[in-house]
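The first sequence begins at 1 in full-length UniProt numbering and counts up one residue at a time.
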Amino acid sequence: METMKKAGRGKGRTTSQKEEEGTVRKGPWTVEEDLILFNYILNHGEGLWNAVAKASGLKRTGKSCRLRWLNYLRPDVRRGNITAEEQLLILQLHAKLGNRWSKIAKHLPGRTDNEIKNFWRTKIQRHMKASSSSENMDIRHRSGNSQSSVMTTTDQGSSSKAFDMAESLISPVTTTTSFHVLEQSNDGYWNAEDLWPVQLLTGDHHQVV
DNA sequence: AAAGCTCACAACCGCTATCTT
DNA sequence: CAAGATAGCGGTTGTGAGCTT
């Protein structure tokens, strides 16, 4: 599967290293683990993640199972690039809510807080940095005081700035900034939906591994 | 062609909120 | 009401892929 080509995350330890340390597995999920979790939740439903972790036989923490399910395996998870409309929504919601990623995600069906957070950090924040340095101004004094108190100073600045940009996003033609609405391309990603056929093939009876 | 740099993103950690006993 | 357990959230990190020099 495609995801696995990016295997090897997680604070620099290899899965096998950790595996030997104890009973809890860390690091990237394998296809087998995905299938186990997927099938288990299919049959028993979400929630009680520690129980899921135990009962499914996965050597993962409940936390890890939850994260994997929410961010990756859930059938309604949309993967691939964020559309212009979604970007605009994110900008607007962030201006309103601050770094409340899960709340923002609720307004974007199929998108996860993690995905939005990543998007914000890699795309928006980067852009903010670039443009603010070129403007050479102190954005901290800009408006944006309606932000959540949790937000950092730079968050506030970037957020209000981002919101300013929202307008230009609606009509990208007029955009003079270096921010570009992402190209739409759905290639290169496997979808959790890919598991469905697999699941059908293996059937409910199957217990992977 | 190789090396270095940047980007994207999955997954971890720590903290907080909520639920249960 | 207090303490412990569990779930959820946001921040951060590590790594592979792709791009640039």
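Where a beta carbon is used, it is the ideal one built from N, C-alpha and C, also for glycine.
query                                                                                     : result
Start and end residues, alpha helix (DSSP H) containing L35                               : V31 to H44
I116: first and last residue of the uninterrupted alpha helix (DSSP H) it sits in         : D113 to F119
Given 8 Å, three or more beta-carbon pairs between the region 94-106 and the region 65-85 : no
Inter-residue CB distance, W49 and G62 (contact presumed, cutoff 8 Å)                     : 3 Å
Short Cβ contact (8 Å threshold) for W29 with R66                                         : no
Alpha-carbon spacing of L37 relative to N118, whole angstroms                             : 24 Å
Contact check, L89 vs L108, beta carbons under 8 Å                                        : yes
Assumed close pair V24, R60 - CB separation to whole angstroms, cut-off 8 Å               : 7 Å
N43 burial status per 10 Å Cβ neighbour count (16 or more: buried)                        : exposed
S56 - containing alpha helix (DSSP H), residue span                                       : First-last for S56: undefined, no H or E at that position.
7 Å Cβ shell around S64 - same chain, five flanking residues per side excluded            : none
Reduced DSSP category for R66 - H, G, I as helix; E, B as strand; rest coil               : helix
Straight-line gap, E86 to L93 (C-alpha atoms, nearest Å)                                  : 10 Å
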